[in-house]
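Comments concern the structure below.
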Amino acid sequence: MAYAREWYHVAALALVIVFMFAIRVQAWQKFIVNGKVYFSGNDPWYHLRQVMYTVQHYPSVMPFDVWTGFPTGKTVGQFGTLFDQIVATVALVIGLGSPSDHTIAMTLLFEPAVAGALTAIPVYFLGKRLGGRLGGVVSAVVLALLPGLFLGRSLVGVADHNGTEPLFQAFAVLATMVALTAAQRDYPVWEQVVDRDWDALRSVVGWSALAGVATGLYLWVWPPGVLLVGVFAAFYTVAMCGEYARGNSPDHVAFVGVISMVVTFVMALVPVGESGFAAAAPTLLQPALALLTAGGVVFLAWFAREWDERAVEREYYPAAVVGILIVVAAISAVLLPGVFDKLVNQLVRFVGFTTGATTRTVGEAQPFLGGASTGAAEKFATISQQYGATFYTALLGAAVLIYEPLVRSEKTNELYYAIVSVVAIVLVFFFPNLIVPGVAGALGIDATFLGILVVGGLLFGAVGLTDRSAAAKLLLVYGMFIVSAAFTQVRFNYYLVVPVAVLNGYLVYWIADLLWNGEFNASDIRGDQVIAVAVVLLVLVVPLAAPVSAWTADDPHVTQAGAAADSNGPGSVVGWDSMLTWMNSSTPAEGNYNGTGNADQLDYYGTYSKTDDYQYPDGAYGVMSWWDYGHWITTNGERIPVANPFQQNAEVAANFLLAPNETAAQDVLNNLGESGEQTKYVAVDWKMATTQGQNGKFFAPTVYTSMNVSQYDYFQNFAKVSSQNGQLAYEQNLGTVHTQKYYESLIVRLYRYQGSAVQPSPVVVDWDYTARTNDGTPAARYYQQNGQNDTAYKQFNSMQAARNYVQNDSVDQFGEPTSQVGGVGKYPSEFVPALQHYRMVGTSTDYAPARQVIQGERFSNIPTWAKLYERVPGATVQGQGPANSTVRASVQMDATRIGQNATFTYTQYAQTDENGDFTMTLPYSTTGYSEYGPENGHTNVSVRATGSYEFTAGQQVVMKNGSLQVVPAYSANASVSEGQVIGEDPSAVTVTLEQTASQPPTNSTSGTSTSGDTTASLVEPDTLDADTAALA
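Heads up: the sequence shown begins at 893 in this note's numbering, then just goes up one per residue.
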């Protein structure tokens, strides 16, 4: 028994690590598809590229990448870091110095699971620092059972640096806590340095240097983690003020701060590759902030001694420090406005409880509670989904850690401060509209910002006053910042698990210690004490160990960790990969477009010097898509994307995809510079054209575009409501209602229509009420059923009947129409012209989910997951037909890589002049496919015509075999060669439309013609309406 009591924590920690690893790798086989290793998300694929490069150039990392961010290239910033070097090192060891690509990919596949499981080690020791072995074990167990974002980011396949960051950050905090404990034990002072008493200083200096190394390693893993340096700066300020105000010298804390931050400064200098103060890459910001923190600590220690020299009351020292900080901030804002604004913006970006519009389009950067309504129940459910009850018990643990010494203090001012601060915090959190808005309005500042200042200031003050160790105060300050960061951007919840787990461990220890009257001894335990501790553990663990529905049986808000891990998989990249693999083999190599022969100048794993604008060789080209997909295009297609998940060229991509016509789209490419004209391909998928559901991405470009539009200019939410007690009640989501602007956007014309012209159909969307934004823009439509046979979608026999219904329909509360022609699924409200320079050349072999094709989002007859288009000059058609008439050119195309729903008809219209002449530019060829391919710098198109183009004009009603049929009055057929489409053959296609029936009588606009069993009634082409033209 004695042996078990002595070593139980080791066995418990080992079991926790094994459990965490097993949970995280249980779905690993889902990431091996046909022998290929896949990853989840976007960034892991780019890490694969970085790891591959490091293996080939060990231990160097990629300084600059010309295979992304066309036409300038990109410095990769927070990629190519220690994270990639660690994975490369492990892969080299496993592969005995020469690992295969599969070995490298498998190593990266399992890395997040290993890092996630190992995080239990620093969490255990953090918990042990506060609550002994019991606290450490409970902390590790809570960490293992949490089902939220930390688990999601450390699953097998989610091979991003996110899952490794908490491990290194926790070690940095742990190392600093150890150094502070050593300093509090040895109490070093400046005089020992003057006397060169190195033996007495050795322990503190060593641990402090180690803390600096741990912090530096964390910054090497993730440069934007410079926030941690800011956390340390805040902590040293609070801790030194608190120590001095309580009658102690702050020198021991200063020793740790100066040494650790100087070491961090030196380490942060090593990877600096860019000037400036950006946080997203290793720049001067990281070492500068570390050096400023060290300098600030030196100043605070000197200032405390000066305070002593002048015999000023110690209680005023913190107020003086705050005043100095305010003055320094004001001077910096005036003298160094750029640097000051950058620091403030970065601080607000991390801990400001709000984010900008473009940041909100990034799923991981949205506010934690941004998706929840203002109701307390919904917010509670959102938090419970991540943490169960442990978030709230962690707050209780923090409250005990902060306020118990203040409440027990013999100093009445500390007790009064505890009472006042708690009351003020309760007022701000639970009654936010009571006092704060009025005070904020009087001061002319934002109410949320004022609330943060009040709560943060009171908590920091309480931490400074409380009689706790410096190590405990560090955990509290760290926890406050991480809570702020997690509620500002949801991604930082994978950091928040560390203080949540540790504070829960401390709370259990505190309760056990309370039950044992401050003399907790594992060998002297009563039954009632065991029961009490067991109840606490059940409250923490059971909601995490088993699925729990916090509100309804259909919506479990607390998910079991194992269930969450088992649902892991590679996701959308599988849908894209077949198209990207095809693109890799069937489009010209980079540097060889049009057969320029410069492919050898673009080594895929080559080393390139950093530059603001890389000069690509002739024959290099870009691939346009939404920025989410840039890394897949680089790694799986081995082509150069214009936009990427660095959000490079995000505005360019948005403007291009939302362009209302080809001229506007080409203007966007031209603005990229001369090389922008070589953006030759466009990759799209069903999500980019989808406006509804969590998978829809059409809204994102509307946020990034420089055009003065919002998502509501393209679509509005659509729902069914009912009247209950005089109030409208939500019943059913009906999707979205699209405007004509949506259908005219380039992305929709590509994905839905394959570039073909589209006529409106006699479909009407009907609603009763409209919700508008503050500026009056319609944001949502609401339909209320009027009778059993009434529907929101109505089908008519003709366009005229549909338009008559809309014209005669009622108006909403704003006096606007309550229905429109089209606007649902693939049906536009008005005519959409054909694209002349974009042709679909390849597709994925996977399809969009059936639900998206069937339910409301009826895309087209080619509903593949992804499609690839090439921008081509197009074949010029010079034709002759009836004067002043509409000519229709159409050809059936076959997407040969898919088995079903593989054909579509490309259609384009042109108008003849008074002489009957017309011209067209056609993007699809019908012959000559075998003459061109990647070997001579062109595309081996997989979307091919099943026959020649048919040109028709006018129509006639024919009586054939006893029934009336509408057939063209004029027609012709012509072939279009691949060479003519891609500009290799400059000759024009000539077409002459011939009558398909005998002429009507002279000087007559109509007549009849009889031939065998067929009787034709001719109608002049220019008298046709749009409805009839659509039938031709």
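All C-beta atoms in this analysis are idealised placements derived from N, C-alpha and C, irrespective of residue type, glycine included.
Burial is judged here by how many other beta carbons sit within 10 angstroms of a residue's own beta carbon; A997 has at least 16 and is buried. Taking C-beta separations shorter than 6 Å and ignoring five residues to either side along the sequence, the partners of I1275 in its chain run F1283, following chain order. With fewer than 16 neighbouring CB atoms inside 10 Å of its own CB, Q1792 falls in the exposed class. Annotation note: the stretch 1102-1147 contains the following uninterrupted alpha helix (DSSP H) runs of length 4 or greater, listed N- to C-terminal: 1119-1137.
Listed in chain order, the beta strand (DSSP E) runs fully inside the stretch 1164-1221 amount to none, counting runs of at least 3 residues. A1542 sits close to W1519, with the two beta carbons spaced by under 9 Å.
Taking a C-beta distance under 9 Å as the contact criterion, V1713 and M1732 do not qualify as a contact pair. Partner residues in the beta bridge of F1796, as assigned by DSSP, are M1785. The alpha-carbon separation between W1082 and T1597 amounts to approximately 57 Å. Bounds of the alpha helix (DSSP H) holding M1069 are 1057-1078. The C-alpha of Y1386 is placed about 34 Å away from the C-alpha of Y1496. Here the alpha carbons of Y1508 and S1777 stand approximately 47 Å from one another. Within 10 angstroms of the beta-carbon of K1365 lie 16 or more other beta-carbons, which makes it buried. Rounded to whole angstroms, the gap between the alpha carbons of W920 and L1001 is 8 Å. In this structure, A1172 lies away from G961, with their beta-carbon atoms at least 9 Å apart. For the options A1067, A1092, S1648, the alpha carbon positioned closest to that of R1077 is the one of A1092. The alpha-carbon separation between L1319 and I1294 amounts to approximately 19 Å. Contact between T1710 and W1757 is absent: CB atoms are separated by about 36 Å, not below the 8 Å threshold. For T1503, the closest alpha carbon among the candidates S1477, E1166, Q1872 is that of E1166. Counting only runs of at least 4 residues, the stretch 925-991 fully encloses the following alpha helix (DSSP H) elements, listed from N- to C-terminal order: 935-948, 974-986. The beta carbon of G1134 lies closer than 8 Å to those of P1210, V1355, G1356, L1357, T1358, K1365 in the same chain, with the five residues before and after it left out. For D1405, the enclosing alpha helix (DSSP H) stretches over residues 1385-1407. Taking a C-beta distance under 9 Å as the contact criterion, P1826 and S1478 qualify as a contact pair. DSSP places H1729 in the coil class of the three-state scheme, outside both helix and strand.
Under DSSP, Y1622 shares a beta bridge with V1613. In this structure, DSSP gives K1365 a helical state, which the three-state scheme calls helix.
With contact defined as three or more Cβ pairs closer than 8 Å, the stretch 1148-1166 and the stretch 1210-1220 are not in contact. Looking from the CA of R1383, the closest CA among H1053, H939, A1160 belongs to H1053. The beta carbons of Y1485 and G1829 sit closer together than 9 Å. For Q1540, the number of other beta carbons within 10 angstroms of its own is at least 16, and it is reported as buried. Between M954 and the set K928, V1162, Q977, the nearest pair of CA atoms involves Q977.
Check the Cα spacing between A1556 and each of E1636, N1617, Y1500: the tightest is with E1636. The beta carbon of D1469 sits closer than 7 Å to the beta carbons of N1528 from its chain, once the five residues preceding and following it are set aside; these are given in chain order. In its chain, beyond the 5 residues on either side, N1054, G1055, Y1386 have a beta carbon closer than 6 Å to the beta carbon of R1045.
When rounded, the separation of the alpha-carbon atoms in R1360 and G1019 is 15 Å. A distance below 7 Å between beta-carbons, with the five flanking residues on each side excluded, links A1225 to the following residues of its chain, in chain order: F1232.
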